[in-house]
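One structure below.
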Amino acid sequence: MSDDNNKNWECLPGEIVTDIFLRLPIKSIIICTSVSKTWRRLIQNPAFISTHLIHHSNTSHNFLLSRLCLQHHQEFYTLHNEDDPDFTQHTKFDSPFHAPKSKYYYGTFRVVGMCNGLLCLVDDDILTDINKLFLWNPCVRKFLKLPDPNIISFTLGEFTASIGFGFDPKTNDYKVVMVVTLLYRLHHSRSRPMVTVYSLSTGKWRMFKDHVVPTCAVRGREPQAFVNGALHWLAWKRTNDRKFHPFVLVLDLGDEIFSEISLPEFPGYTCESAEALGTSVSVYGNSIALFHNGNYSFERQHFSGCLNIWVMKEYGVASSWTNVLTTIDQDRGGGVPRALGFKRNGEVVLLKDGGQIILWNPESQNIKHLRITGYQYSFVGSYVESLVLLDKSTKGVVTY
């Protein structure tokens, strides 16, 4: 841009320039940060980043799919058009973690959460190594490696760790929550998991006091759902009948207070059957859903039995749980699939035993086979392109 044109743009009112930037694709906005210092300051201003996020949250129709390429043992991250019946891919994100010559090279990752364009990634071997946690915004090509969690009690024995990620609108902060259950305490009716939370604004981990955490157990690698400013896990508590009773453990990220949501009518489970229970919580619009497989072998990574899907029609109201699927046609091949999540229109994304991804429409009962292959830790969810992390030029944020 010539100096004269630059001066003309500099003379425009800030409101007009902001409105123009809000209408541009993110790639164009990133280019604009190199045009002038004034534009860079405006675009990297946290207020503009928040305004941009709100503007695009209402118009986004992107759906993120993360899956593993078995040939290269690397993940693919792709965006698809939710409004397209064929689920057409229009963007592929290059992972910064799989360049062998880079000092940031790591192994296989899972997406454990996604919020406002940020992905929270964890090393797939979290059961033995919890030092590889990242926040990544592929749109602005920036990521942050989180510091080591401040839980020091792992030396007491084996443990399971489940990760949650979400946004606290009260403090305008992103938080990563780790729930750690020590296995030797699993049979104790009064045992509590250890909980620590990472704040993006402070860049530090902070332990929860023991008395604020309910007595329960949360499985490692347990999927969680971030809805209405709160994280949701499937948890179990042991009662006097010596059985494990499942419920939804809720953590409000604003006041950091735990609560519980009752599940639909479920039997009590022994410790052994609870270990074999294939059940998880998922986002369902502004509420939650429950995916329940009758039997799941963690050793064989295989489901058997029928698939049940329950949705909570009114968030927080246990009586509003509604069963939308009690089984699925196994004659269509490959046994009973695993539910991955929902599209905005209510269609369910399912993963078959052979790795094929299909869509199921609860209203029409139609099944659509997509020409996409996933793997056991495939992740799906509605995605909003954002500028989050663009203002974090220091504090360990890496641009690639």
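The letter at position 327 of the sequence shown is residue 1283 when you use the working numbering, and the numbering goes up by one with no holes. The C-beta atom is built at its ideal place from N, Cα and C for all residues, glycine as well. Keep in mind it's a predicted model, so treat the numbers as computed, not measured.
Find out if the Cβ-Cβ distance for the pair residue i, residue j is shorter than 7 Å.
| i | j | result |
| --- | --- | --- |
| VAL1273 | ALA1245 | no |
| LEU909 | GLY1122 | The shown model of the chain, from 957 to 1356, leaves out residue 909, and the question about it has no answer. |
| ARG1294 | LEU1307 | yes |
| VAL1078 | LEU1089 | yes |
| PRO1002 | ASP1347 | yes |
| VAL1336 | VAL1304 | no |
| VAL1153 | ILE1119 | no |
| SER1013 | VAL1340 | yes |
| HIS1008 | ASP1039 | no |
| VAL1096 | LEU1296 | no |
| PRO1103 | PHE1049 | no |
| PHE1115 | LEU1138 | yes |
| TYR1240 | PHE1298 | yes |
| TRP1189 | PHE1200 | no |
| TYR1361 | GLY1302 | Nothing can be reported for residue 1361, as the shown portion of the chain is limited to 957 through 1356. |
| SER1342 | ARG1300 | no |
| THR1355 | LYS1160 | no |
| LYS1269 | SER1276 | yes |
| GLY1210 | LYS1126 | yes |
| PHE1107 | VAL1136 | For the sequence presented, residue 1107 should be read as Ile rather than Phe. Cβ distance < 7 Å, so ILE1107 and VAL1136 count as in contact. |
With residue i and residue j assumed to form a contact (beta carbons below 8 Å), what rounded beta-carbon distance in angstroms separates them?
| i | j | result |
| --- | --- | --- |
| ASN1242 | ASN1322 | Incorrect: roughly 25 Å between the Cβ atoms, too far for contact. |
| THR989 | ARG979 | Going by Cβ atoms, the distance from THR989 to ARG979 rounds to 16 Å, so no, they are not a contact pair. |
| VAL1151 | VAL1132 | Contact flag wrong, Cβ pair sits at about 11 Å. |
| ALA1181 | SER1238 | 6 Å |
| VAL1280 | PRO1318 | 5 Å |
| CYS1071 | TYR1033 | With 8 Å as the limit, CYS1071 and TYR1033 do not qualify as a contact, their Cβ atoms being about 15 Å apart. |
| CYS1262 | THR1282 | 7 Å |
| ILE999 | ILE982 | With a Cβ gap of about 10 Å, ILE999 and ILE982 do not count as contacting. |
| LEU1207 | VAL1174 | 11 Å between Cβ atoms; not a contact. |
| THR1064 | LEU1024 | 7 Å |
For residue i, does the count of other Cβ atoms within 10 angstroms reach 16, so buried, or fall short, so exposed?
| i | result |
| --- | --- |
| ARG1066 | buried |
| SER1334 | buried |
| HIS1046 | exposed |
| ARG1288 | Residue placement at ARG1288 is poorly supported in this model, since its pLDDT is 47, which falls under 50; the coordinates still yield a value, given next. Counting Cβ neighbours within 10 Å, ARG1288 comes out exposed, since fewer than 16 surround it. |
| PRO1149 | buried |
| GLY1352 | exposed |
| GLU1178 | buried |
| ILE987 | exposed |
| ARG1146 | exposed |
| GLU1031 | buried |
| ASP975 | exposed |
| ILE1313 | buried |
| LEU968 | exposed |
| ILE1213 | exposed |
| HIS1325 | exposed |
| ASP1166 | exposed |
| ARG1194 | buried |
| ASN1249 | buried |
| ILE1005 | buried |
| SER1022 | buried |
| ASN1128 | exposed |
| ILE954 | The structure shown does not extend to residue 954, since the chain spans only 957 to 1356, so no value can be given for it. |
| ILE972 | exposed |
| ASN1264 | buried |
From the DSSP output, which residues share a beta bridge with residue i?
| i | result |
| --- | --- |
| GLN1000 | Partner(s): none; GLN1000 has no beta bridge. |
| HIS1201 | LYS1193 |
| GLU1031 | LEU1024 |
| GLU1216 | LEU1205 |
| HIS1036 | PHE1019 and GLN1045 |
| PHE1053 | DSSP output for PHE1053 lists no bridge partner at all. |
| HIS1188 | ALA1181 and VAL1206 |
| ILE1244 | VAL1239 |
| TRP1092 | LEU1075 and PHE1099 |
| THR1355 | LYS1098 |
What are the start and end residues of the beta strand (DSSP E) that includes residue i?
| i | result |
| --- | --- |
| CYS1071 | 1065-1071 |
| SER984 | SER984 -> not in any beta strand (DSSP E); alpha helix (DSSP H) instead, spanning 982-988. |
| HIS1046 | 1045-1049 |
| HIS1358 | Past the edges of the chain, shown from 957 to 1356, lies residue 1358, and the structure says nothing about it. |
| ARG1162 | 1160-1163 |
| ASP1079 | 1074-1079 |
| ASP1166 | That residue, ASP1166, is in no beta strand (DSSP E); it is neither H nor E in DSSP. |
| ASN1279 | 1277-1281 |
| LEU1139 | No beta strand (DSSP E) holds LEU1139; DSSP gives it neither H nor E. |
| GLY1297 | 1294-1298 |
| ILE1313 | 1312-1316 |
| LYS1101 | 1098-1101 |
| THR1127 | Premise fails: THR1127 is in no beta strand (DSSP E) and is neither H nor E. |
| VAL1183 | 1180-1183 |
| SER1155 | 1150-1155 |
| SER1338 | 1335-1339 |
| LEU1307 | 1304-1307 |
For the alpha helix (DSSP H) containing residue i, name the first residue and the last one.
| i | result |
| --- | --- |
| THR1116 | Unbroken run through THR1116 is the beta strand (DSSP E), 1115-1124; no alpha helix (DSSP H). |
| LEU978 | 970-978 |
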